[in-house]
Each structure stands twice: as structure tokens, then as C-alpha cells.
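One structure is given here, and the rest of the page talks about it.
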Amino acid sequence: EAGVAQSPRYKIIEKRQSVAFWCNPISGHATLYWYQQILGQGPKLLIQFQNNGVVDDSQLPKDRFSAERLKGVDSTLKIQPAKLEDSAVYLCASSLGQGFYNSPLHFGNGTRLTVT
Amino acid sequence: GENVEQHPSTLSVQEGDSAVIKCTYSDSASNYFPWYKQELGKRPQLIIDIRSNVGEKKDQRIAVTLNKTAKHFSLHITETQPEDSAVYFCAATYLSLGYALNFGKGTSLLVTP
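So the protein lines, in turn, are chains A and B. So for the first sequence, my numbering puts the first residue at 101; every next one is plus one. So for the second sequence, my numbering puts the first residue at 14; every next one is plus one.
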């Protein structure tokens, strides 16, 4: 089975610029997650979708971050404007189950963002 | 706060010894507890998981134990090998996150030959 696809692999931008990341989950996985992993830390949930609806975005900095999953498959995460502290790896993950009936998360390779 | 606490942050063992990593969680509704291994520059990969209705699970050299009353769970690696060297993350589902995974800060395991 094909894994979670993410692009780009790396991105370098200056502060106050905008950036967007793309994710294609494993086929048939209804639940999609975006996590932020700062160097030396564990992944932190930004947003969770089930199909094209948002389940949780309580930790998403909504003044600068936005995400969508319009057709319930691919997803994009956008940062506008970027700050230095946004430098991190942005991991997309998907799972077959959702909520209480959860199942293992499968992660993509991530996008490493450097903000200068 | 709603955190998953993980200890130790670094662990160095000699090849063949055992390694134990411990985590505690705060959400009594948590029902799924996976462990991920992340090698440098790579994505986290699931190595073992356990659900709340099970107290222990083993897969070859890896085992996980869960104590729901105390809200803690542990990863045990026996007969460690140099290729076990990586960062290990515990996680627990949190109701406040829509049952998404809340991760610990990680344990950097070094296995020396």
C-alpha cells in the first residue's frame, strides 16, 4: 500500500512570507492529521480532519495557520505570515479509524520548514 | 495541564542489556497507547501499541505494559541492539483533542556495542 505523501520535502522562507504544504493520505483513510514537530520535541497536533470536517483544531494558531481538506482526501496547511518560531517539521498522518475507535497513525516523511 | 510525561529523556545502554521507558498521562478517557520509533531525519514509525482493555502486549524483543489505575505505561526492549538506537515517543489518545494522539517529548536511546 502506498504511504502518506507530502510535499515539498524542504522549504526555506523569510519571516513574514507565506508557505503551503500538501498531503495525500493513504487511500481509504478517513482521518487526517497535521502535526508540528519542533527539533528535539514530540509531535504536537495542529488539526484533525475526518473526511472534510474538522474534528479538533484547538492547538492551531488560527491567526496565522489555516488548513483545509475540501474533498475529504488531500489536505493543505498554510502559514501566513511565518514567524521564526514556525521552523519545524510538519508531519501529516492518516488513520483508518477515528475518535474512540481509533487505529494506528501512519506518518508521511514530513516537510522541514526553515524560517529565516 | 494535559500532557504526556515521558522519562528518561536520554538513555544509554550496552548492547544486550534491557531498556525501559516510562510515560504517564492525565486523561482518564485515554484508550489507545502507541509507541513510535523515529530515526534521525525520518518519520515516526509505529513499533507497538496497546489498548486500554489490555494490561500487557509483547512482540519479540519489545513489550508494553499499561496500568490504567495509575495512568502510566512503559516500553521494554530486551536484548538491545545498536539498530535500536533512535528516539522513542509514547503517545496517548486525548478526548480533548478528539481522541487524537498526544505525544511525549521523546527518549533518545543509544545502544553501544
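No residue lacks a Cβ here, since even glycine has one placed at the ideal position from N, Cα and C. Values in this document were obtained by computation on a predicted structure and should not be read as measured data.
At 7 Å on the CB atoms, spell out the chain B contacts of Asn209/A, in chain order. Arg56
Which word fits Asp156/A, buried or exposed, when buried means at least 16 other C-beta atoms lie within 10 angstroms of its C-beta? buried
Assign Ile138/A to one of two classes, buried (16 or more other C-beta atoms within 10 Å of its C-beta) or exposed (fewer than that). exposed
So, does the CB of Pro21/B fall closer than 8 Å to a CB anywhere in chain A? no
What would DSSP say about Leu170/A, mapped onto helix, strand or coil? coil
Sorted by chain position, which residues of the same chain lie with C-beta nearer than 8 Å to Lys144/A's C-beta, five sequence neighbours on each side aside? Tyr135, Gln136, Gln137, Ile138, Gln159
How many whole angstroms separate the CB atoms of Asn152/A and Arg164/A, which I take to be in contact at a CB cut-off of 8 Å? 22 Å between Cβ atoms; not a contact.
Taking Phe149/A as part of the beta strand (DSSP E), name the residues at either end of that continuous run. 144-150
Proximal chain B residues relative to Phe200/A, where beta-carbon distance stays under 7 Å: Asn44, Tyr112
Collapsed DSSP secondary structure at Pro95/B in the structure displayed: helix
Would DSSP call Asp186/A helix, strand or coil? helix
Own chain, CB closer than 7 Å to Asp97/B, minus 5 neighbours either side, in chain order: Ile90, Leu122, Val124
Can you find the residues in the same chain that come closer than 7 Å, C-beta to C-beta, to Ser187/A, ignoring five residues on each side of it along the sequence? Leu213, Thr214, Val215
Name the chain B residues that come within less than 7 Å of Asp174/A, Cβ to Cβ? Result: empty, since nearest Cβ-Cβ is about 18 Å, beyond 7 Å.
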